[in-house]
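Chemist:
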Amino acid sequence: MGRYVIRRLLQALLTLGLVLFLMHWLMALSVQVRGNPARLFFGDRTPNAAALAQVEAMYNLDDSCYDRIGDPCVMPFVERLQAYAAGDFGTTLRGNRDVGELLAISIPNTLRLFAFSIITLVVLAMVFGSWAARHRGRLQDHAVRGGTILVDSVPVFLIMLIYTSLIAVPLTRWVRGIFGDEAAIGQLFRPTYDVDYPWMTIIIPGLLLGTAGLASMTRLVRASQLENYHADFVRTAHAKGLSRSRVARVHIVRNSLIPVVTAIGYNFAFILTGAVVTEGIVQIPGMGQLLWNALLTTEVSIVITSFVIIAVVVLAVNLLVDLLYAVLDPRIRYA
Amino acid sequence: MTNMRIRVVGDTLPGVDPNRPLLEVDDLHVEFRLRGVRIPAVRGASFKLELGRTLAIVGESGSGKSVTSQAVMGILDTPPARITRGEVRLQGVDLLALDEETRRSVRANHIAMVFQDALSALNPVWSVGFQIGELFRVHRGLSRAEAKTRAVELLDLVGIPDAKNRVGHYPHQFSGGMRQRVMIAMALALDPEILIADEPTTALDVTVQAQIMRLLKDIQNDRNMGLILITHDLGVVADVADDVAVMYAGEVVERAGIRDAFKRPAHPYTKALLRAIPRVDTIGQALEVIRGLPPNPASLPSGCPFHPRCFAAEDQCAEAVPPWLEPASGHGSRCHFAEEVYADER
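If you're matching them up, the sequences are chains A and B in order.
Residue 1 is where the first sequence starts when you use UniProt numbering, and the numbers rise one by one after that.
Residue 1 is where the second sequence starts when you use UniProt numbering, and the numbers rise one by one after that.
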């Protein structure tokens with residue numbers, strides 16, 4: 001087990017290093033090919049050499065490697081890593097704001113959104129998938145499969161728009177009518193995010209975002225459970241005189257979790273794209289919005305740091321998935 | 001007999017009569033329904049098992065022997081399988097008529113089963129200790145720790161060295177023979193009166209086969225259990241069984257004491273099976289085989305299902321279903337010419 005964990009950790013670190021380096025190289029290439037971004041600072045004016053050098057130094061663009069096309073710019077890469085390690089993520093071109101501070105606001109919001117949507121996805125898929133598997137080929141099975149496809153085929157942003165513009169306001173009014181204007185529960189159905197209620201106002205958007213990918217996840221749960229329903233060890237479990245529900249819980253669901261855990265890893269990246277739209281509609285100041293705006297306004301520091309964070313998150317989730325494998329399947333643990 | 005234990009089934013299963021045979025299977029019919037087509041898998045299996053005795057059920061694959069044992073256990077997949085007729089009586093109580101919960105308590109408590117391939121029959125994600133202990137926790141309400149202690153005792157009983165450490169290991173960490181011992185330990189956990197072993201040694205190599213058979217036999221003697229041994233290998237059966245029931249195309253075609261069946265088979269199929277066993281005194285000669293293939297249960301031959309492959313078949317075999325004849329007491333055969341085959345005239 002220990003060796004397995006260490007091997008996976010090292011693999012993750014290596015991948016992270018590669019991703020960071022690739023991203024840095026791409027950026028260096030874009031500087032080398034498209035020209036010095038420091039000139040942007042001066043707009044239409046042609047800067048004198050001294051002023052240009054000053055700006056280049058300010059944004060760490062003064063290394064001579066940026067003049068040679070294809071040069072991986074190793075020294076600036078090392079400097080960047082050192083800066084990251086020291087918690088310095090650079091500043092924005094406009095407004096000179098600290099990127100680290102912006103991230104400190106955005107990341108928790110996105111994490112909350114993710115937590116709610118992943119929980120929703122897993123719970124719904126497990127419940128519906130198990131139910132469909134148990135009633136295979138019957139009405140319940142078809143209803144689950146049809147229903148999840150229906151939900152999945154409506155784009156998340158449409159669901160989100162319908163919710164915010166049609167359902168949220170009457171629901172809020174109704175809830176406040178019962179619990180009073182000041183009750184925290186009244187915030188639950190707010191159509192937009194509220195800084196004062198960072199948890200309450202993210203629950204519903206998270207829930208709705210969790211329906212993205214529901215159909216495939218439910219089918220996966222159903223299929224992997226069905227595979228086990230006729231397994232030899234399930235027959236043994238019945239021969240042991242265990243109740244149907246115990247056989248299902250201990251011997252079927254438990255064994256069918258491994259492919260499901262894998263899929264959760266994949267879906268994480270999938271939900272990430274949904275988060276950009278969701279955060280936009282519900283006005284959650286999260287990573288999705290930050291990145292989207294940064295791309296529109298070419299805020300290089302934010303874009304690069306965001307990609308790094310996304311890479312770290314995806315790697316961390318995959319590492320977690322690998323470790324969960326080992327927990328779930330002793331054959332991996334002792335391999 | 002000093003090691004004879006007195007067993008009382010009635011403690012947990014009301015209505016049993018200790019004077020009745022331990023297990024009686026009477027005219028059992030099982031069919032499978034696949035896409036609206038009914039396929040008979042078992043067409044009238046009858047046999048009896050007493051405490052301390054070993055019954056071998058012998059047959060080719062597809063002869064219905066495994067389906068019969070699963071019907072006795074009550075673990076058939078229903079649907080597609082369905083028991084259409086017959087009774088399975090445990091000391092007089094018809095198991096097929098019991099409600100689901102009582103039926104469940106019979107499994108493992110009174111009738112337990114050892115499966116063929118222990119690697120796939122054990123759950124790969126739980127330790128063997130958990131899988132054995134589960135029986136005590138569910139049926140006896142023991143705590144996790146108590147159940148583990150019992151699991152260690154059982155592993156010890158079936159001859160797994162270093163049981164205390166092995167109890168936390170997973171099925172894939174055991175060798176084939178040791179895994180089969182784990183299966184046996186699991187089957188013995190609740191001290192059942194009947195043990196059904198479905199091809200318990202098929203997946204093992206020959207030396208381990210002998211050890212496992214020995215183990216089953218020893219435990220049966222110690223515990224005075226009834227043992228049903230399902231196999232396609234008459235050779236395995238010879239030393240250990242008391243009685244034999246030969247199945248072909250879903251029915252029992254011959255039933256006899258093991259010596260009688262080997263010495264004087266009363267059904268041509270049994271006779272052909274015995275001839276097909278390789279023997280030392282026939283080294284160098286071509287092995288006799290039974291020509292043809294086992295019949296497709298969906299379209300059985302008319303009359304006697306064995307007649308297309310039978311060396312003794314005559315015209316009437318294709319027309320009339322043979323009756324159950326008893327050329328000697330306790331020795332029955334479903335063949336028109338049972339008497340003649342028994343007398344070795346055919």
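Glycine is no exception: its CB is placed at the ideal position from the N, C-alpha and C atoms.
Could you confirm whether any beta carbon from chain B is found closer than 9 Å to the beta carbon of A/Pro330?
Modeler: yes
Chemist: Rounding to the nearest angstrom, what Cα-Cα distance links A/Pro76 and A/Gly2 in this structure?
Modeler: 36 Å
Chemist: Go through its chain and collect everything with a Cβ distance to A/Thr192's Cβ below 8 Å, but skip five positions before and after it.
Modeler: Thr164, Thr201, Val282 and Gln283
Chemist: Does the pairing of the stretch 241-253 of chain B with the stretch 46-66 of chain B give three or more beta-carbon distances under 8 Å?
Modeler: yes
Chemist: DSSP state of B/Phe306, grouped into three classes?
Modeler: B/Phe306 sits in coil when the DSSP states are folded into three classes, being neither helix nor strand.
Chemist: Residues of chain A with CB closer than 9 Å to the CB of B/Val138, please, in chain order.
Modeler: Lys240, Gly241, Leu242, Ser243 and Arg246
Chemist: Decide if B/Phe306 is buried, meaning its Cβ has at least 16 other Cβ atoms within 10 Å, or exposed.
Modeler: A buried status is given to B/Phe306, since no fewer than 16 other beta-carbon atoms sit within 10 Å of its beta-carbon.
Chemist: Would you check if the distance between the CB atom of A/Arg8 and the CB atom of A/Leu319 is smaller than 9 Å?
Modeler: yes
Chemist: If you draw a straight line from the C-alpha of A/Met160 to the C-alpha of B/Pro40, how long is it?
Modeler: 56 Å
Chemist: Within 9 Å of any Cβ in chain A, is that where the Cβ of B/Ser127 sits?
Modeler: yes
Chemist: With 9 Å as the threshold, decide whether the Cβ of A/Asp232 is near any Cβ in chain B.
Modeler: By this cut-off, A/Asp232 is an interface position.
Chemist: Mind listing the chain E neighbours of A/His24? Cutoff is C-beta to C-beta under 8 Å, in chain order.
Modeler: You won't find chain E in this structure, because its protein chains are A and B.
Chemist: Less than 9 Å between the C-beta atoms of B/Ile230 and B/Glu199, yes or no?
Modeler: yes
Chemist: Is the number of C-beta pairs between the stretch 255-274 of chain A and the stretch 61-76 of chain A that are closer than 8 Å three or more?
Modeler: no
Chemist: Report yes if the C-beta distance between B/Gly177 and B/Ile132 is below 9 Å; otherwise report no.
Modeler: no
Chemist: Measure the Cβ-Cβ separation of A/Pro170 and B/Pro124 and say whether it is below 9 Å.
Modeler: Not closer than 9 Å, so no.
Chemist: One question on the structure: do B/Val25 and B/Glu87 come within less than 9 Å of each other, judged by their Cβ atoms?
Modeler: yes
Chemist: Alpha carbon to alpha carbon, what distance is there between B/Ile184 and B/Leu157?
Modeler: 10 Å
Chemist: Does DSSP put A/Leu26 in a helix, a strand or coil?
Modeler: helix
Chemist: Taking B/Asp17 as the reference, give the member of B/Ser66, B/Ala71, B/Arg43 and B/Val93 with the closest Cα.
Modeler: B/Val93
Chemist: Taking DSSP as the reference, what is the three-state secondary structure of B/Glu254?
Modeler: B/Glu254: strand per DSSP, three-state reduction.
Chemist: Does the beta-carbon distance from A/Ala311 to A/Met27 come in below 9 Å?
Modeler: no
Chemist: On the DSSP bridge list, what partners appear for B/Ile39?
Modeler: B/Phe32
Chemist: Skipping 5 residues on each side, what residues in its chain have a beta carbon closer than 8 Å to that of B/Ser69?
Modeler: Correct list, in chain order: Ile57, Met113, Ile196, Asp198, Ile228 and Ile230.
Chemist: Residues of chain B with CB under 8 Å from A/Asn255, in chain order?
Modeler: What A/Asn255 touches in chain B: Asn123, Pro124 and Val125.
Chemist: Report the option in A/Met217, A/Leu111, A/Ile107 and A/Arg97 whose CA atom is closest to the CA atom of A/Phe128.
Modeler: A/Met217
Chemist: Identify, in the order they occur along the chain, each residue of the same chain with its Cβ nearer than 7 Å to the Cβ of B/Glu50, setting aside the five sequence neighbours on each side.
Modeler: Pro21, Leu22 and Gly226
Chemist: B/Arg150 and A/Gly241: beta carbons closer than 9 Å?
Modeler: no
Chemist: Tell me, to the nearest whole angstrom, how far the beta carbon of A/Ile247 is from that of A/Val234; I am working on the premise that it is less than 8 Å.
Modeler: According to the sequence as given, residue 247 of chain A is Val; it is not Ile. The C-beta separation of A/Val247 from A/Val234 comes to about 6 Å, placing the pair in contact by the 8 Å criterion.
Chemist: State the start and end residues of the unbroken beta strand (DSSP E) segment that holds A/Val151.
Modeler: No beta strand (DSSP E) contains A/Val151, which is instead part of the alpha helix (DSSP H) from Leu139 to Ser153.
Chemist: Are the Cβ atoms of B/Pro171 and B/Arg179 separated by less than 9 Å?
Modeler: yes
Chemist: Using 8 Å for Cβ pairs, my map puts B/Ala338 next to B/Ala256. What's the rounded Cβ distance?
Modeler: Actually they do not touch by this definition, with Cβ atoms about 11 Å apart.
Chemist: Checking the sheet assignment: what are the DSSP bridge partners for B/Val246?
Modeler: B/Val58 and B/Glu254
Chemist: Where does A/Leu242 sit, in a helix, a strand or coil, going by DSSP?
Modeler: Coil.
Chemist: Would the beta-carbon of A/Phe114 be found less than 8 Å away from any heavy atom of the ligand COA?
Modeler: Absence of the ligand COA is noted for the structure shown, with no ligands found whatsoever.
Chemist: What residues from the stretch 53-87 of chain B come within 9 Å of chain A, judged by C-beta to C-beta, listed N to C?
Modeler: Gln70, Met73, Gly74, Ile75 and Asp77
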